[in-house]
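Chemist: First the structure, then my questions, so here it is.
Residue numbers (the numbering used here), protein chains in the order written: chain A, 1 to 106; chain B, 1001 to 1529.
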């Protein structure tokens, strides 16, 4: 198989994605990623007219079918307690997390 | 026939005429669940037992008490002479990708296994406000990433009621299985590359991907926000139309939900199809997949039973006055999967960054030195392999040095796929089609474990459905026969933006024309035990 993503790049991506992986997971993921890259690379050979624009939606949103911008009005919610109940660790309405990592600047 | 095997339309009629009550309908469905469901998916399950292999496992959780209260309220309204709603007393299931206030909403992932939603998704609340009775949350591929429902962290994963050794499809596999087995009358699913239509085809039920923006995505856990569409699964086209009527429409909570008025989907359902132009494209009669060994593309014709079902459907529609136009070219169909690999993964990587153990969901119980280590352990322990794969791919192909080569190029291919549809649906163009008739899937339901793990081969199960997601157009899948192994075959109708009413009318016409065919007398193998 033609490999595109090397181990070093993969490790960097895993760090950016904020994962910890087992060796088996890492092997599977790298292998599948390279299989997918081989498929994606097929697109490089497709002739594309210069007039073709990038499109991020299939349908065209015209003013007639688009909702307008919501009024900028404060709408108090009664869900604060429900939302705070979901927090893994909280105190006095605050969400508690471990310390942010520090780096000493030279 | 038991109450749980009736259509939603029939149930509403019986309830409104006081010939049955919502509580009795609910009890019939709960009885069916008791008989065929087996254990619900859970995080603690090991390998499936011999007993597990004989059950459906459509659900992750049931809400029996809430459902009873809802059914009792419908019956109270009937007694009081109040309007009970368009879906009065109809039991429905909800893919566990939709937030429902006070219920566990897991996305079939460990990382949300403990998440209790503080609000309800718009499509669900519209169903409930119309008198439908919410049974529970169905199982799915983790974060909707898959085409078989096997990747769920909640095992055992759902099985196909027609043959329990086969997948129900995905990612709305639990939803499709619940409708096919009588464990729900309707189900709310989602479709990002075919995740309603493909499991509907595999399980012999009807499923619709609406036009993007036709149904609000508020409360739907996001995979790819430019592709995701909530939609209905039902026993027949009329039920699908009924559910579309209820869930469609603008929503101030979703700026992509269009303000275009919702037509009367039911009113026009039995109208004539005379003069409607239906296309057949050779690009949808061949299938492409990568060779598992060499990775090279292989192209071959569709299995004979599937292509024959499409041609037979075309004949039946022609007999009712539709015009069939052959050889409609759709040359960019083949780029649907490669473009989807890029666009969906970029959006998924972005959408899944919020799962970090800070505000909700799973947080690692391990000792950590800082918050970054907490993120890594939480996400490493909380996500399964399929979400991790999509996140990593999304980050790679959107990286600055690759963005032009992959992401931007994919967006242009998406535009080309859309142009294929614009050209054939153009009322002033050469083809002037009202719909394109295609098969839904390249195969019927494949065996459990046959494809899972091969992420490329699995994605190619969606090659005939994903173009509609790229283009944003609506698609209707409906049963059209059985193959030599007795597995359901689905056909698909694709139409211009917001042409759901036409597609439903065509689908209904086909359904009525084929009503007497032998295969329609078959029932899922599970129910004949």
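Positions of the beta carbon are idealized from the N, C-alpha and C atoms, including for glycine.
Because the structure is a prediction, the values reported are computed rather than measured.
1. Mind listing the chain A neighbours of residue 1211/B? Cutoff is C-beta to C-beta under 7 Å, in chain order.
2. For residue 83/A, go through chain B and note every residue whose CB falls closer than 9 Å to its CB, in chain order.
3. Listed from N- to C-terminal order along the chain, which residues in the region 1467-1493 of chain B have their beta-carbon within a distance smaller than 7 Å of any beta-carbon of chain A?
4. Note down, in chain order, each residue of its chain lying with its Cβ closer than 6 Å to the Cβ of residue 1262/B, except the 5 sequence neighbours on either side.
5. Could you list which residues in chain B have their beta carbon closer than 7 Å to that of residue 76/A, in chain order?
6. Should residue 1297/B and residue 1290/B be called a contact, given that it needs their Cβ atoms to be closer than 8 Å?
7. State the Cα-Cα distance for the pair residue 1448/B and residue 25/A, rounded to the nearest angstrom.
8. Starting from the C-beta of residue 1075/B, find all residues in its chain whose C-beta is less than 7 Å away, skip the five residues before and the five after it, and write them out in chain order.
9. How many angstroms separate the CA atom of residue 38/A from the CA atom of residue 1384/B?
10. Could you name the residues of chain A that residue 1411/B contacts, counting a contact when the two beta carbons are closer than 7 Å?
11. Along the chain, which unbroken stretches of the alpha helix (DSSP H) at least 4 residues long are found entirely within the region 1229-1301 of chain B?
12. Let me check understanding here. Comparing Cα to Cα, which of 1428/B, 1008/B, 1191/B, 1412/B lies closest to residue 1144/B?
13. Ignoring anything shorter than 4 residues, give me the alpha helix (DSSP H) runs that lie fully in the region 1303-1372 of chain B, in order along the chain.
14. Which residues, in chain order, does the region 1336-1347 of chain B contribute to contact with chain A at a C-beta distance below 9 Å?
15. Taking the C-alpha atoms as reference points, what is the distance between residue 1319/B and residue 1200/B?
16. Please report how far the alpha carbon of residue 32/A lies from the alpha carbon of residue 1305/B, in whole angstroms.
17. Rank 1166/B, 1400/B, 1279/B, 1178/B by C-alpha distance to the C-alpha of residue 1330/B and give the top, closest one.
18. Which residues does DSSP pair with residue 1447/B in a beta bridge?
19. Which residues in the same chain as residue 1309/B place their Cβ atom closer than 8 Å to its Cβ, once the five residues preceding and following it in sequence are excluded?
20. Could you list which residues in chain A have their beta carbon closer than 8 Å to that of residue 1259/B, in chain order?
21. Does residue 61/A come out as helix, strand or coil in the three-state DSSP assignment?
22. Would you mind telling me which residues of chain A sit closer than 8 Å to residue 1408/B, beta carbon to beta carbon, in chain order?
23. Buried or exposed for residue 1395/B, going by 16 or more other Cβ atoms inside 10 Å?
24. Looking at the unbroken alpha helix (DSSP H) that takes in residue 1488/B, where does it start and where does it end?
25. Which word fits residue 1001/B, buried or exposed, when buried means at least 16 other C-beta atoms lie within 10 angstroms of its C-beta?
26. Helix, strand or coil for residue 1515/B, going by three-state DSSP, please let me know.
27. In three-state terms, what does DSSP make of residue 1191/B?
28. Nearest chain A C-beta to residue 1424/B closer than 8 Å, yes or no?
29. Report yes if the C-beta distance between residue 1233/B and residue 1187/B is below 8 Å; otherwise report no.
30. Using a threshold of 8 Å, state whether the C-beta atoms of residue 1135/B and residue 1177/B are closer than that.
31. Pick out whichever of 1025/B, 1163/B, 1107/B has its Cα sitting closest to the Cα of residue 1154/B.
32. Which residue comes first and which comes last in the beta strand (DSSP E) that contains residue 1059/B?
33. Note down, in chain order, all residues in the region 19-43 of chain A with a beta-carbon under 7 Å from any beta-carbon belonging to chain B.
34. Work out the CA separation of residue 1167/B and residue 1/A for me, nearest whole Å.
35. So if DSSP puts residue 1155/B in a beta bridge, which residue, or which two residues, is it bridged to?
36. Anything in the region 1269-1280 of chain B with a Cβ closer than 9 Å to a Cβ of chain A? List those residues in chain order, please.
Modeler: Per the coordinate set shown:
1. Position 211 of the second chain, counted from the start, is the residue given in the question as residue 1211/B. Within chain A, the residues whose beta carbon sits less than 7 Å from that of residue 1211/B are 59, listed in sequence order.
2. Position 83 of the first chain, counted from the first residue, corresponds to residue 83/A. Near residue 83/A (Cβ distances below 9 Å), the residues of chain B are 1118, 1359, 1360.
3. Taking a C-beta cut-off of 7 Å against chain A, the contacting residues of the region 1467-1493 of chain B are 1470, 1471, 1472, 1473, listed in chain order.
4. By one-based count along the second chain, residue 1262/B stands at place 262. Short of 6 Å from the beta carbon of residue 1262/B, and not among the five residues preceding or following it, lie these beta carbons of its own chain, in chain order: 1248, 1249.
5. For the purposes of this step, residue 76/A is identified with residue 76 of the first chain, where counting begins at 1. Residues of chain B with a Cβ closer than 7 Å to the Cβ of residue 76/A do not exist; the shortest Cβ-Cβ separation is about 15 Å.
6. Numbered from its first residue, the second chain carries residue 1297/B at position 297. Numbered from its first residue, the second chain carries residue 1290/B at position 290. Residue 1297/B is a Cβ neighbour of residue 1290/B, given a cutoff of 8 Å.
7. Stepping through the second chain from its first residue, residue 1448/B is reached at position 448. Stepping through the first chain from its first residue, residue 25/A is reached at position 25. Cα-Cα distance, rounded: 21 Å.
8. Here residue 1075/B is taken as the residue at index 75 of the second chain, counted from 1. Taken in chain order, the residues that qualify are 1021, 1022, 1023.
9. For the purposes of this step, residue 38/A is identified with residue 38 of the first chain, where counting begins at 1. For the purposes of this step, residue 1384/B is identified with residue 384 of the second chain, where counting begins at 1. Looking at the two C-alpha atoms, the distance is approximately 23 Å.
10. To locate residue 1411/B, count along the second chain from 1; it is residue 411. Ordered by position in chain A, the residues that pass the 7 Å Cβ test against residue 1411/B are 54, 55, 56.
11. Taken in chain order, the unbroken stretches of alpha helix (DSSP H) that lie wholly in the region 1229-1301 of chain B and span 4 residues or more are 1237-1247.
12. Position 144 of the second chain holds residue 1144/B. Taking only the C-alpha atoms, the option nearest residue 1144/B is 1191/B.
13. Counting whole runs of 4 or more residues, the region 1303-1372 of chain B contains the alpha helix (DSSP H) stretches 1304-1319, 1336-1351.
14. If the cut-off is 9 Å between Cβ atoms, the region 1336-1347 of chain B has 1337, 1338, 1339, 1341, 1342, 1343, 1345 near chain A.
15. Along the second chain, one-based indexing puts residue 1319/B at 319. Along the second chain, one-based indexing puts residue 1200/B at 200. Each residue's Cα considered, the two are about 26 Å apart.
16. As a first step, residue 32/A is located in the first chain; it is residue number 32 there, counting from the start. As a first step, residue 1305/B is located in the second chain; it is residue number 305 there, counting from the start. In this structure, the straight-line span from the alpha carbon of residue 32/A to that of residue 1305/B is close to 32 Å.
17. As a position in the second chain, residue 1330/B is number 330, starting the count at 1. Considering only 1166/B, 1400/B, 1279/B, 1178/B, the residue with the shortest C-alpha distance to residue 1330/B is 1279/B.
18. Within the second chain, numbered from 1, the residue matching residue 1447/B stands at position 447. Note: residue 1447/B sits in a beta bridge opposite 1166/B.
19. Reading the second chain from its first residue, position 309 is the one you call residue 1309/B. Contacts found: 1439, 1480, 1481, 1489, 1491.
20. Sequence index remark: in the second chain, residue 1259/B carries index 259 (1-based). Residues of chain A passing the Cβ test: 64, 65, 66, 67.
21. By one-based count along the first chain, residue 61/A stands at place 61. It is coil, neither helix nor strand.
22. Here the question's residue 1408/B lines up with position 408 in the second chain. The answer, in chain order, is 54.
23. Against the second chain, residue 1395/B aligns to sequence position 395. Answer is buried; the Cβ neighbour count reaches 16.
24. Residue 1488/B sits at position 488 when you count from the first residue of the second chain. Not the alpha helix (DSSP H): residue 1488/B falls in the beta strand (DSSP E), residues 1488-1494.
25. Reading the second chain from its first residue, position 1 is the one you call residue 1001/B. Result: exposed.
26. Counting from 1 along the second chain, the entry for residue 1515/B is found at position 515. The DSSP-derived three-state label of residue 1515/B is coil.
27. Along the second chain, one-based indexing puts residue 1191/B at 191. Strand, per DSSP.
28. To locate residue 1424/B, count along the second chain from 1; it is residue 424. So no, residue 1424/B is outside the interface.
29. Here residue 1233/B refers to the residue found at position 233 of the second chain. Here residue 1187/B refers to the residue found at position 187 of the second chain. Yes, the Cβ-Cβ distance between residue 1233/B and residue 1187/B is below 8 Å.
30. The sequence position of residue 1135/B within the second chain is 135, counting from 1. The sequence position of residue 1177/B within the second chain is 177, counting from 1. Not closer than 8 Å, so no.
31. As a first step, residue 1154/B must be located in the second chain, where it is residue number 154. Of the candidates 1025/B, 1163/B, 1107/B, the residue whose Cα lies closest to the Cα of residue 1154/B is 1107/B.
32. Here residue 1059/B refers to the residue found at position 59 of the second chain. 1059-1062 is the extent of the beta strand (DSSP E) around residue 1059/B.
33. From the region 19-43 of chain A, only 19, 20, 21, 25, 28, 29, 32, 33, 35, 36, 38, 39, 40, 42, 43 have a Cβ closer than 7 Å to chain B.
34. Numbered from its first residue, the first chain carries residue 1/A at position 1. Numbered from its first residue, the second chain carries residue 1167/B at position 167. A caution first: residue 1/A carries a pLDDT of 46, below 50, which makes its placement in the model unreliable, though a value can still be read off. Between residue 1/A and residue 1167/B, the C-alpha separation is close to 29 Å.
35. Along the second chain, one-based indexing puts residue 1155/B at 155. Residue 1155/B pairs with 1042/B.
36. Against chain A - using a Cβ distance shorter than 9 Å - the region 1269-1280 of chain B contributes no residues.
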